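K.L.:
Sequential numbering of the sequence shown, starting at 8, is according to our numbering.
Would you mind keeping the following structure in view while I ask a few things?
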Amino acid sequence: MRDRQARLATFGAFAIQGLCFASLVTRVPQIQDAHGLSDADLAIVLLLVPVIAGVGSALSGLLFARYGSAVVLRVAQPAVCVASVLIGLTGGELLPLYGAVALFGLFVGAVDASMNAQAVAVERHEGRSVISGFYAVWSVAGIAGGLWASFANSRDLSLFEGFVIPSALGIAGALFLGRYLYKRAEEAGGPSAEEIKAAAKRVPWRPILLVGVAMGSFYIADAAISNYSAKFLEDELDASSTVAPLAYVAYQVAMVLSRSIADFGVRRFGPVLVVRAGAVVGFLGMLGVILSPSALVAIAAVTVMGLGVCVVAPIAFSAADRVDGTGLGIAVSRVNLFNYVGFVLGAAIIGAFAPADGASNLRLAFTIPAGLILLIVLLAPSFAPKPTAGAAEPAAA
Numbered sequence: 008m009r010d011r012q013a014r015l016a017t018f019g020a021f022a023i024q025g026l027c028f029a030s031l032v033t034r035v036p037q038i039q040d041a042h043g044l045s046d047a048d049l050a051i052v053l054l055l056v057p058v059i060a061g062v063g064s065a066l067s068g069l070l071f072a073r074y075g076s077a078v079v080l081r082v083a084q085p086a087v088c089v090a091s092v093l094i095g096l097t098g099g100e101l102l103p104l105y106g107a108v109a110l111f112g113l114f115v116g117a118v119d120a121s122m123n124a125q126a127v128a129v130e131r132h133e134g135r136s137v138i139s140g141f142y143a144v145w146s147v148a149g150i151a152g153g154l155w156a157s158f159a160n161s162r163d164l165s166l167f168e169g170f171v172i173p174s175a176l177g178i179a180g181a182l183f184l185g186r187y188l189y190k191r192a193e194e195a196g197g198p199s200a201e202e203i204k205a206a207a208k209r210v211p212w213r214p215i216l217l218v219g220v221a222m223g224s225f226y227i228a229d230a231a232i233s234n235y236s237a238k239f240l241e242d243e244l245d246a247s248s249t250v251a252p253l254a255y256v257a258y259q260v261a262m263v264l265s266r267s268i269a270d271f272g273v274r275r276f277g278p279v280l281v282v283r284a285g286a287v288v289g290f291l292g293m294l295g296v297i298l299s300p301s302a303l304v305a306i307a308a309v310t311v312m313g314l315g316v317c318v319v320a321p322i323a324f325s326a327a328d329r330v331d332g333t334g335l336g337i338a339v340s341r342v343n344l345f346n347y348v349g350f351v352l353g354a355a356i357i358g359a360f361a362p363a364d365g366a367s368n369l370r371l372a373f374t375i376p377a378g379l380i381l382l383i384v385l386l387a388p389s390f391a392p393k394p395t396a397g398a399a400e401p402a403a404a
C-alpha cells in the first residue's frame, strides 16, 4: 500500500512538471512578441532557464542527504507553478521577465532532481525497471500542455491567462500528492549520517560522466525541439500560431508511445540495445526535421525523433542509481546536471543561429544536435554499469 501511494504521488509530480513546462515552452513565440524580444534576446532568455536550473539541481543534491528528496519536491513544485504565472504577469518589461525566468529555472532544477530521485526510489522498492513509465506520464501531461497552448493561441489569450490555469492545477496537485512521497528514511533505508557521507564519497564519477555525456547530447536535441519547434514552424515553414505548438504535441505523443513500452524493452533486451536503437531512430527523425519542406512533414519527423531519443533520459537515471551506494539519489542528482548542460548548450547552439538572416539558419543549427544523437550510439554501453556495493541491481532481462 505504501509503495503504491509513493508511486502514484511520483506519477503526479511528473505530470505536473510536464504540464507546466509544455504550457510555457510552446508559447515561446508569444513571449517573444509580448516583450518585443529580438531573436538574440530570446536566446538569452531561453539560455537563462537551464543555467539557473543547473544551480537548482546542484543545491537539491546537497539537501537530499539531510532532508530527503520529498521535502525538496514539495517546496519546489508549487514554486515552479507560481514562477510560470509570474512570467505571464511581466507585461512588456524585460527586467521582471528575467527575474521570473530565473526563479522558474531555479525551481525547475530542484523539481527535476527531486522527482527523479523519487522515481528511482520507486524502482528500487519494486526491484524492476519502471522509470520510463514516469516519463511517459510526463509526456502525456506535455501533450495536454501543448494542446492548451494551441487553444490559448487560437483564442488570443494573454500569457497570464494561458499560464494561470495549468499552474493552478499544478499547485493543487502538488499540495495534495506531496504527503504521499517517500520520506528520507524510506528512500535510503535509514543509514546514519556518517554512513551517508562515506557512501557519497564512494559514488564513482566515471560511469556518471559517460552516461551524463549521452544524456547531455539528448537534451541538446530535446532543447532544439522544445524551445524552437514552434518558432521553426512559424518562421520558416509558414505555420499558423495554432498549428506551430502541435510539433511539440506530436513529439510528446511519440514519447508516450515509446516510453510506455521502453521498460519492457529494457527487461527483455537490456538497456544498451534499447538506447542504441533509440538513438538511431532519433537521428533519422532529426534528419527529417532538417530536410522538411512543410509543417506537416516537420511534425511527422519530430514524431519519429521522439519515438527514438526519449528512452535516453529515464534509462540514464536508472543507470546512475546502479552505481549509487547511498540510496539517496546522489548519483541521480549528479547525472541530472547533464540535463542542464545539454539544455544550456542546446539553447546556446540554436540561439546562435536564430538571429542570422536567411530561411535556413535553424535548419543549419539542427544539424549539430543531429550529429550528437549519433554520439549516443557509441556511448550506449555505459548505460549498463557494474553496480557498486549497496546500489540497485539491474532489472533482469
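Just so it is clear, CB atoms sit at the ideal spot from N, CA and C, and this is done for glycine as well.
Since the structure is predicted, the reported quantities are computational estimates derived from the model, not experimental observations.
(1) Where PRO376 and LEU110 are concerned, what is the direct C-alpha to C-alpha distance, given to the nearest angstrom?
(2) Could you say if the stretch 298–306 and the stretch 168–176 meet the contact criterion of at least three C-beta pairs nearer than 8 Å?
(3) Let me know if ALA391 comes out buried or exposed under the rule of 16 or more other beta-carbons within 10 Å of its beta-carbon.
(4) Is TYR189 helix, strand or coil when you go by DSSP?
(5) Helix, strand or coil, according to DSSP, for ASP163 in the structure here?
(6) Within the same chain, show all residues whose beta-carbon is closer than 6 Å to that of TYR226, passing over the 5 residues directly before and after it, in chain order.
(7) Using a Cβ distance threshold of 8 Å, determine whether the stretch 258–269 contacts the stretch 140–149, with at least three qualifying pairs required.
(8) Please name the residue, chosen from ALA246, ALA120, GLY358 and ARG329, that lies closest to GLY68 on a Cα-to-Cα basis.
(9) Return the residue from the list ALA41, VAL316 and LYS393 that minimises the CA-CA distance to GLY98.
(10) Enumerate, from N- to C-terminal direction, the unbroken beta strand (DSSP E) stretches of 3 or more residues contained entirely within the stretch 221–270.
(11) Kindly indicate which residue of ARG341, VAL273 and ILE356 has the alpha-carbon position closest to the one of VAL319.
(12) Determine the direct distance from the alpha carbon of THR249 to that of ASN160, and round the result to whole angstroms.
(13) For SER136, does the three-state DSSP call read helix, strand or coil?
(14) In whole angstroms, what separates the C-alpha of LEU385 from that of LEU188?
(15) What whole-angstrom Cβ distance do LEU113 and GLY63 have, given they're in contact under 8 Å?
(16) With H, G and I counted as helix, E and B as strand and the rest as coil, what does DSSP make of THR374?
(17) Give the range of the alpha helix (DSSP H) segment to which MET293 is assigned.
(18) Specify whether the stretch 29–39 and the stretch 127–140 touch according to this definition: at least 3 beta carbon pairs, one from each stretch, less than 8 Å apart.
(19) Evaluate the contact criterion for the stretch 14–25 versus the stretch 84–95: three or more CB pairs, one atom per stretch, below 8 Å.
(20) Relative to the C-alpha of ILE306, which residue among GLY289, ALA251 and VAL288 is closest?
(21) Does DSSP put TRP212 in a helix, a strand or coil?
(22) If ALA230 and GLY353 are in contact, beta carbons under 8 Å, what's the gap, nearest whole angstrom?
(23) By alpha-carbon positions, which one of VAL256, SER340, ALA228 and ALA126 ends up nearest to LEU17?
(24) How close, in whole Å, do the beta carbons of VAL115 and VAL56 come, if the pair is a contact with beta carbons under 8 Å?
(25) Thinking just about the alpha-carbon of each residue, which of LEU294, ALA308 and PRO214 is nearest to the one in GLN259?
(26) Look up MET8 in the DSSP assignment and say whether it is helix, strand or coil.
(27) Just reading off the alpha helix (DSSP H) that ALA308 is part of, what are its end residues?
(28) Would TRP212 be called buried (16 or more neighbouring beta carbons within 10 Å of its own) or exposed?
(29) Among the residues of its own chain, which have a CB less than 6 Å from the CB of PHE368, if the five just before and after it don't count?
(30) Give me, in chain order, the residues of the same chain whose beta-carbon lies closer than 8 Å to that of ASP10; leave out the 5 immediate sequence neighbours on both sides.
P.N.:
Result, derived from the coordinates:
(1) 27 Å
(2) no
(3) buried
(4) coil
(5) coil
(6) ASN346, GLY349 and PHE350
(7) yes
(8) ALA120
(9) ALA41
(10) none
(11) VAL273
(12) 6 Å
(13) coil
(14) 36 Å
(15) 4 Å
(16) helix
(17) 278–298
(18) no
(19) yes
(20) ALA251
(21) coil
(22) 3 Å
(23) Position check: residue 17 holds Thr in this sequence, whereas Leu was assumed. Per the Cα distances, ALA126.
(24) 7 Å
(25) ALA308
(26) coil
(27) 302–316
(28) exposed
(29) Just to set this straight, residue 368 is Asn in the shown sequence, not Phe. Correct list, in chain order: PHE360.
(30) VAL129, HIS132 and GLU133
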